[in-house]
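In case it helps, full-length UniProt numbering puts the sequence shown at residues 1 to 331. Working notes for the structure below.
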Amino acid sequence: MTAPLRLGTRGSALAMAQSGQIAEALTAATGRAVELVEVVTAGDRSSAPVHRLGVGVFVSALRDALTARTIDFAVHSYKDLPTAAAGGLHIAAVPIRQDPRDALVARDGRTLTELSAGATVGTGALRRIAQLHALGMQLEVTPIRGNVDTRLGRVLGPEADLDAVVLARAGLARLGRTDVITETLDPMLMLPAPAQGALAVECRVDDQDLVELLAVLDHAPTRAAITAERALLATLEAGCSAPVAAYAVIAEGEPTGSDATGVDTDELYLRGAVISPDGTRDLRLSRTGTPADAAEIGKALAAELFELGADSILGHEGHTGPGTQQFGSTE
Numbered sequence: 001m002t003a004p005l006r007l008g009t010r011g012s013a014l015a016m017a018q019s020g021q022i023a024e025a026l027t028a029a030t031g032r033a034v035e036l037v038e039v040v041t042a043g044d045r046s047s048a049p050v051h052r053l054g055v056g057v058f059v060s061a062l063r064d065a066l067t068a069r070t071i072d073f074a075v076h077s078y079k080d081l082p083t084a085a086a087g088g089l090h091i092a093a094v095p096i097r098q099d100p101r102d103a104l105v106a107r108d109g110r111t112l113t114e115l116s117a118g119a120t121v122g123t124g125a126l127r128r129i130a131q132l133h134a135l136g137m138q139l140e141v142t143p144i145r146g147n148v149d150t151r152l153g154r155v156l157g158p159e160a161d162l163d164a165v166v167l168a169r170a171g172l173a174r175l176g177r178t179d180v181i182t183e184t185l186d187p188m189l190m191l192p193a194p195a196q197g198a199l200a201v202e203c204r205v206d207d208q209d210l211v212e213l214l215a216v217l218d219h220a221p222t223r224a225a226i227t228a229e230r231a232l233l234a235t236l237e238a239g240c241s242a243p244v245a246a247y248a249v250i251a252e253g254e255p256t257g258s259d260a261t262g263v264d265t266d267e268l269y270l271r272g273a274v275i276s277p278d279g280t281r282d283l284r285l286s287r288t289g290t291p292a293d294a295a296e297i298g299k300a301l302a303a304e305l306f307e308l309g310a311d312s313i314l315g316h317e318g319h320t321g322p323g324t325q326q327f328g329s330t331e
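Spelled out as structure tokens, the structure:
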């Protein structure tokens with residue numbers, strides 16, 4: 001009998017939920033049994049603010065386990081992955097993306113515009129902090145850490161000390177907690193993090209049988225959107241220590257004339273933003289192209305943001321173009 005595939009995962013409720021969903025989908029599609037193997041990461045051991053934790057703190061232990069062959073594959077929140085490729089490893093599948101928007105959970109069912117000046121709002125992401133400040137609502141924004149239940153407890157629990165928190169909607173959906181959302185935030189107000197809501201299924205590049213097996217979970221439109229968003233992030237040489245946002249969507253084209261022969265008529269629309277932490281500078285641009293050109297669209301949009309002065313916001317004064325240094329984002 002074929003042994004179960006060992007799927008490495010962080011031990012948080014959210015990580016276990018999304019890994020369990022991937023395991024179930026793979027078993028349903030291929031018949032292969034999968035067992036979850038918990039791996040503790042450096043990010044799980046720290047209580048420091050997310051943007052101060054450094055590169056890949058939620059990822060490196062899982063990748064070490066892959067390299068050591070103590071697990072067969074791993075599931076990551078894609079936005080946790082450093083933008084530089086990991087030697088010997090391969091993203092075998094990018095499953096269909098959950099709703100990437102941010103969600104507000106507020107006391108008394110309030111929406112964002114119903115929060116009064118001075119209301120306290122908690123979030124762990126510098127990107128969200130910057131965009132909340134940019135709204136000019138005079139909110140008191142507080143950096144917070146902890147799992148989903150801990151963050152929700154800051155608003156809904158018996159010892160609640162905040163008026164609202166902002167979290168990724170995808171995490172709440174995977175935990176079956178969308179009932180607590182008081183508003184799903186329009187990307188025009190709160191542009192998501194690059195790759196938010198997406199998962200990366202990673203294995204060793206030399207395990208070709210598993211590479212082919214996992215490919216059944218891949219969703220090409222999601223992969224193209226994530227490719228564009230992360231190309232922008234990489235070209236800006238930024239991670240969660242910088243307030244960078246990106247969101248790509250793909251619209252299906254209608255084949256007409258010569259396109260009816262099968263030429264790809266889909267269009268990828270990418271929005272990107274760089275916002276100063278205090279919200280006083282807010283650079284936003286968009287660019288379109290075909291999904292096949294996803295990486296180039298992301299790079300070109302980053303170059304346009306540099307022309308507007310994104311380098312000074314990101315601390316790259318004197319930057320003359322895309323560099324080689326790559327930073328990852330954290331949860």
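Beta carbons: idealized from backbone N, C-alpha and C, even for Gly. Note that the structure is a prediction, hence the values are computed from the model and not measured.
Next on the checklist: What would DSSP say about Asp206, mapped onto helix, strand or coil?
Outcome noted: coil
Next on the checklist: Counting C-beta neighbours from all protein chains within 10 Å, is the total for Ala48 16 or more, i.e. buried, or is it exposed?
Outcome noted: Caution is warranted here: a pLDDT of 45 is assigned to Ala48, below 50, making its placement in the model unreliable, and the coordinate value is therefore given only provisionally. Its Cβ having fewer than 16 others within 10 Å, Ala48 is exposed.
Checklist entry - Tell me, which residues are paired with Tyr247 by DSSP? => result Arg271
Next on the checklist: DSSP three-state label for Val40, please.
Outcome noted: coil
Checklist entry - Hey, Ala245 and Arg127 are a contact pair by Cβ (cut 8 Å); roughly how many whole angstroms apart? => result 5 Å
Checklist entry - How far does the alpha helix (DSSP H) with Pro221 in it reach, from first residue to last? => result Ala220 to Thr235
Checklist entry - Near Gly11, what residues of its chain come up, given a Cβ to Cβ distance below 6 Å and the 5 sequence neighbours on each side ignored? => result Glu38
Checklist entry - Any idea if Ser116 is buried or exposed, counting beta-carbon neighbours within 10 angstroms, 16 or more meaning buried? => result exposed
Checklist entry - Ala238 by DSSP, collapsed to three states: which one? => result coil
Checklist entry - From Leu14 to Leu172, what does the alpha carbon distance come to, in whole angstroms? => result 8 Å
Checklist entry - Counting only runs that start and end within the region 70-95, where is the beta strand (DSSP E) found for 3 or more residues in a row? => result 73-77 and 89-93
Next on the checklist: Taking the beta strand (DSSP E) that Thr67 belongs to, which residues open and close that run?
Outcome noted: Segment Ser60 to Thr67 is the alpha helix (DSSP H) holding Thr67; no beta strand (DSSP E) there.
Checklist entry - Do His76 and Val94 have their CB atoms nearer than 8 Å? => result no
Item to check | Spatial neighbours of Arg273 in its chain, beta-carbon cut-off 6 Å, leaving aside the 5 residues before and after | outcome: Residue identity check: residue 273 is Ala in the sequence provided, not Arg. If we look at Ala273 and ignore the five residues flanking it on each side, its Cβ neighbours are Leu191, Ala245 and Arg284.
Next on the checklist: So, under 8 Å CB-CB, Pro187 and Tyr269 are touching, yes? Tell me the CB distance rounded to an integer number of Å.
Outcome noted: So it is not a contact: roughly 11 Å between Cβ atoms.
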